[in-house]
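Encoded as structure tokens, the structure appears first; notes follow it.
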Amino acid sequence: MKALLILCATACFLAIYKLPIEYYTFLRTLVSVGALIIIYNGIIARQYYLSVIFAAVLMLFNPVFPIYLYRKSLWIPIDTITGILFFLIAFADRIKAAEKQEEKKEEPSHSHYTLITHARDMIMNPKKPKEH
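In structure tokens, the structure reads:
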């Protein structure tokens, strides 16, 4: 899946250049498949904000009912933002792993200093305390 997301991001960045119309049809199909996968994974992981964002991407890049903006200057920021989103999702696991490593470094580990209490270590008084 990571390779597909990187491919989608790269294709979005290449779409900034003037290319034949067939490339943009391919781009719509590729980005739609990538967006569908992210929407599905977002729903499974209960990350609905992610699903909503990529539902908007899916609507913009839909190859069945395409949206034509007719001006390249309008598509350039959309392609750039979409490419950045795909890269962020592709490398999100690395960002999370780096955050976890930072947390481990900040937090000292005292797992080898655990205190074990046994029943024989407790002081027991056989006499009941006097009630007043």
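For the sequence shown, our numbering assigns the number 22 to the initial residue and increments by one for each residue that follows.
All residues carry an ideal CB built from backbone N, CA and C; glycine is no exception.
Could you give the first and the last residue of the continuous alpha helix (DSSP H) run that contains residue 69? If you look at residue 69, you'll find it in the alpha helix (DSSP H) that goes 69 to 81.
Delimiting residues of the alpha helix (DSSP H) encompassing residue 23: It spans 23 to 35 - the alpha helix (DSSP H) in which residue 23 sits, taken as one unbroken run.
What would DSSP say about residue 107, mapped onto helix, strand or coil? Correct three-state label for residue 107: helix.
Excluding sequence positions up to five away, which residues of its chain have a Cβ less than 7 Å from the Cβ of residue 46? A distance below 7 Å between beta-carbons, with the five flanking residues on each side excluded, links residue 46 to the following residues of its chain, in chain order: 84.
Check whether the Cβ of residue 113 sits closer than 7 Å to any heavy atom of the ligand FMN, and report yes or no. You won't find the ligand FMN in this model; it holds no ligand whatsoever.
Roughly how far, in whole angstroms, is the beta-carbon of residue 107 from the beta-carbon of residue 33, given that I think they are within contact range, below 8 Å? Rounded, the Cβ-Cβ distance is 7 Å, consistent with contact.
Quick check: what's the CA-CA separation for residue 68 versus residue 24? The straight-line gap from Cα to Cα measures roughly 21 Å.
Run through DSSP, which three-state label would residue 47 get? Annotated three-state conformation of residue 47 is helix, per DSSP.
Looking at the structure shown, is residue 88 part of a helix, part of a strand, or coil, going by DSSP? Note: residue 88 maps to coil in three-state DSSP.
Which of helix, strand or coil DSSP assigns to residue 98: Helix at residue 98.
Can you check which of these residues, 41, 91, 44, 26, is closest to residue 57 by C-alpha distance? Out of 41, 91, 44, 26, 26 has the C-alpha closest to the C-alpha of residue 57.
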